[in-house]
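>
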Amino acid sequence: LVSLLTALALAVSAFASLTVAPAGAVVEDPDSAIVFPFVPNGEEYGNMGPWYGSITVQNPNDDTIRVEIWKAADFFAPEGDDKPTWLVATTLQPYASKTWSATQLFEDEPGGGLIVLGCELTSTSNPDPCEDPADNEYDMDDEADPEPIAGLAKITSPVATAAGRTSGQHASVTGYTALGFYEYVDFDDQRNLVFPIVQTNNGWTSVLHITSFEPLDSCAVTVTLYQSPSGSTDPSFGQFTQLLDRGETWHLDLAAEGVPAGWVGQAWVSSDCDVAATVDRLKAAQPWGDPVNMALTNQALVTDYGDYRLVLPLIFQAYNGWNTGIAIANLATYDVADVSITYFNSAGVAVASETLQIQPRAMEFVYRPATTDVGIGGFGSALIESDVEVLVAVDSVKYTGLGNDVGQALSYVAQEGAELGDLLVLPLFQKQGQLTGGNDNSGIALFNTGFLYADVEITIYDASGAEVAPTIEEPITARIPSLGQFILYAPFISELPGGFQGSVVVDVIFTDEVVVGVSNNVNYDVQFDGSAAFNMTVIE
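Numbering (my numbering), first residue to last: -18 to 521.
(1) Mind checking LEU224: buried by the 16 CB within 10 Å criterion, or exposed?
(2) By DSSP, does TYR165 sit in helix, in strand, or in coil?
(3) Tell me, to the nearest whole angstrom, how far the beta carbon of LYS135 is from that of GLY156; I am working on the premise that it is less than 8 Å.
(4) For the candidate residues LEU174, THR492, MET344, TRP185, whose alpha-carbon lies nearest to that of GLY270?
(5) Taking 8 Å as the threshold (C-beta atoms), are LEU464 and GLY329 in contact?
(6) Three or more C-beta pairs closer than 8 Å, one from the segment 402 to 418 and one from the segment 298 to 312: is that the case here?
(7) For GLY419, write down the residues that DSSP places opposite it in a beta bridge.
(8) Would you kindly check if the distance between the Cβ of PRO456 and the Cβ of ILE474 is under 8 Å?
(9) Would you mind giving the Cβ-Cβ distance between ILE50 and LEU102, rounded to the nearest angstrom? I have them listed as a contact below 8 Å.
(10) Is it buried or exposed for TYR315, if we count other Cβ within 10 angstroms and need 16 for buried?
(11) Residues bridged to ARG47 by DSSP?
(12) What runs of the beta strand (DSSP E), each 3 residues or longer, lie entirely inside the segment 173 to 234?
(13) With distances taken from CA atoms, which of LEU409, ASN22, ALA395, GLY480 is nearest ALA374?
(14) Using the DSSP secondary-structure output, state which residues sit across from TYR434 in a beta bridge.
(15) Below 8 Å on the Cβ atoms is my guess for VAL378 versus ALA363; work out the distance and round it to an integer in Å.
(16) Give the single residue among LEU433, ASN501, ASP288, LEU68 whose Cα lies nearest to the Cα of LEU95.
(17) Mind pulling the alpha helix (DSSP H) runs of 4 or more residues that sit fully within the segment 257 to 335?
(18) Does DSSP classify SER392 as helix, strand or coil?
(19) Report the partner residues of THR137 according to the DSSP bridge assignment.
(20) Quick check on this structure: which residue in ALA513, GLU238, ASP43, ILE191 has the alpha carbon closest to the alpha carbon of ASN173?
(21) From HIS151 to VAL292, what distance separates their C-alpha atoms?
(22) Please go through the same chain and pick out, in chain order, the residues whose beta-carbon is closer than 8 Å to the beta-carbon of ASP226, but skip the five residues on each side of it.
(23) The beta strand (DSSP E) spanning GLN247 covers which residue range?
(24) Hey, out of SER251, PHE19, THR230, ALA276, whose CA is closest to GLY30's CA?
(25) Measure from the alpha carbon of ILE441 to the alpha carbon of each residue in VAL387, ASP493, TYR470, ALA248, then state which is nearest.
(26) What whole-angstrom Cβ distance do ARG47 and CYS100 have, given they're in contact under 8 Å?
(27) State the DSSP-derived secondary structure class of GLY384, mapped to helix, strand or coil.
(28) According to the neighbour-count rule (16 or more other Cβ atoms, all chains shown, within 10 Å of its Cβ), is ASP368 buried or exposed?
(29) Alpha carbons only, please: which of VAL188, GLU25, PHE218, GLY228 is nearest the one belonging to ALA58?
(30) Taking 8 Å as the cut-off, decide whether the C-beta atoms of SER35 and GLY483 are in contact.
(31) My output table needs one value for PHE17: the three-state DSSP class, helix, strand or coil.
(32) Go ahead and pull the three-state DSSP assignment for LEU86.
(33) Taking all protein chains shown into account, decide if ASN107 is buried (16 or more other Cβ within 10 angstroms of its Cβ) or exposed.
(34) Which residues mark the beginning and the end of the alpha helix (DSSP H) in which ALA513 is found?
(35) Identify every residue that forms a DSSP beta bridge with GLU24.
(36) Are the beta-carbon atoms of ALA143 and THR181 separated by less than 8 Å?
Here's what the structure looks like:
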């Protein structure tokens, strides 16, 4: 059991470049406004559900801040006496975090997209509203200066979470990290977003949730599917189109819309307005009928986030039942991508390599059990190099074991890291405890991309922002070797109270490149899939 839990704690690494600070996906960029593309509130889709979400928002600053939570439609509504206001307006103490359920936010209405603003607290008695990042002017004269915030969504079925906690009443858990407002809502020209992998094969289905974050109605959105393997220079498969009203969410269930079983590829979301999107990849049952209720969630990424060199700091091959699939999407319109994958064992030694060609807009999927043993010793890392820009999603799944640990699944996408002096923050960090009635556990994996060691200081805060043991007197210090990792796993921190729920801040005090971080959250009391993964947010 200990080795299994350790594997899960490790199953959350991130992408980075070996020789330069990576320019890849930036789902964790800091922002004073963050976007949740879709938070469900009782919806059923993918032959599973009902689905419910909760959001956790963190203050990574050393000052008290004001936080506002808005429905997307309300935030962009025209000014006037009948303009709706925020759902929540509250304060967060330094390093504090708060969790709201979808029911608290949407009440008995359907779920949808959310915008969360963070700003300076000007007064406790009569505070100014947060500065509007969309210049959608308030009726008030003064607006408070922005302050960075971080957030994540935890999604469960068939019942809601209790303040972010899961239990044996749940069948499935998934989640994602909130997106930066300015990365997705810039009121610019036509935009393109990419999901590196969507699928209807092997019992999986994919449901895209695309929300308009646009002041105007009639937002035109097109979803184009590109199949894998392509087998030709034109991998396009088909398109779907929709007009979205202000704040409306389009739920596109690929299987329900006629995409045949056995299909896998990438999806492009193009629009003449600002949209943000997530995809739930769901597996209600094995093709032979056994229920598994597995769930993975990825954010759509702006095409500019593609890169030529990406690192997968942790992959699995037959490690306590865990195996990793690597989905590589070629973003080029005309150029074939020549891609190489180099595998490293845990000591950083290159043990195997392979090459593949990916047609324009196509995606190729490498699943470790489908190939020979690459010699990583159960778990290791991989370097992906390409002559054109690619995006990569990494899925780790577990189909063997005993009891509720069978049918686990987590996924993450490429990301940036923290440079010298930056912070890596995690809004939700949990430890099992009998008094809470839940066995949610968080693990954090930090990866140093530099040729020199990296030094970090880690502080754990409870939900109120108070430092907790073992970091009350001083932070946990760690020296991460070149191209090495540091793992922090809540159950192994004996001083941390049982049932703990709070946040983590990692201060990068030395590195010659960047430190990247991802967290996973696991509860084996969940009937089927109790696993989710979250990118750690970089605060500059």
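Just so it is clear, CB atoms sit at the ideal spot from N, CA and C, and this is done for glycine as well.
Keep in mind that this is a model prediction, so the values were computed, not measured.
In short, the structure shows the following:
(1) Exposed, by the Cβ-count rule.
(2) TYR165: helix per DSSP, three-state reduction.
(3) Contact check for LYS135 and GLY156: beta-carbon distance about 4 Å, within the 8 Å limit, so the pair qualifies.
(4) The shortest Cα separation from GLY270 among LEU174, THR492, MET344, TRP185 belongs to TRP185.
(5) Cβ atoms of GLY329 and LEU464: closer than 8 Å.
(6) These segments do not touch.
(7) Under DSSP, GLY419 takes part in a beta bridge, and its partners are GLY414.
(8) No. Outside cutoff.
(9) Going by Cβ atoms, the distance from ILE50 to LEU102 rounds to 16 Å, so no, they are not a contact pair.
(10) TYR315 should be labelled exposed.
(11) Looking at the DSSP assignment, ARG47 forms a beta bridge with THR72, CYS100.
(12) Qualifying beta strand (DSSP E) stretches, in chain order: 186 to 193, 200 to 208, 217 to 225, 230 to 234.
(13) When each option's Cα is compared against that of ALA374, the closest is ALA395.
(14) In the DSSP output, where bridge partners are listed per residue, TYR434 has none listed.
(15) A Cβ-Cβ distance of about 17 Å is found for the pair VAL378 and ALA363, leaving them out of contact under the 8 Å criterion.
(16) Minimum Cα distance to LEU95 is reached at LEU68.
(17) Counting only runs of 4 or more residues that sit fully inside the segment 257 to 335, no alpha helix (DSSP H) segment turns up.
(18) DSSP places SER392 in strand when its eight states are reduced to three.
(19) In the DSSP output, where bridge partners are listed per residue, THR137 has TYR33, VAL154.
(20) Ranking ALA513, GLU238, ASP43, ILE191 by Cα distance to ASN173 puts ILE191 first.
(21) Answer to the nearest angstrom: the Cα atoms are 34 Å apart.
(22) Cβ within range, chain order: ALA54, SER193, ASP198, SER199, CYS200.
(23) Taken as a continuous stretch (DSSP letters only), the beta strand (DSSP E) holding GLN247 covers 245 to 252.
(24) The candidate whose alpha carbon is nearest that of GLY30 is ALA276.
(25) Residue TYR470 is the option with its Cα nearest to ILE441.
(26) The beta-carbon distance between ARG47 and CYS100, rounded to whole angstroms, is 5 Å. This is short enough to meet the 8 Å contact definition.
(27) In this structure, DSSP gives GLY384 a helical state, which the three-state scheme calls helix.
(28) Taking a 10 Å sphere around the C-beta of ASP368, we find fewer than 16 other C-beta atoms and assign the residue as exposed.
(29) Taking only the C-alpha atoms, the option nearest ALA58 is GLY228.
(30) Against a cut-off of 8 Å, the Cβ pair of GLY483 and SER35 comes out as no contact.
(31) PHE17: strand per DSSP, three-state reduction.
(32) If DSSP states are grouped into helix, strand and coil, LEU86 belongs with the helices.
(33) Per the 10 Å Cβ criterion, exposed.
(34) Under the DSSP assignment, ALA513 falls outside any alpha helix (DSSP H), being part of the beta strand (DSSP E) whose first and last residues are 512 to 516.
(35) Answer by DSSP bridge pairing, in chain order: TRP32.
(36) Cβ atoms of ALA143 and THR181: not closer than 8 Å.
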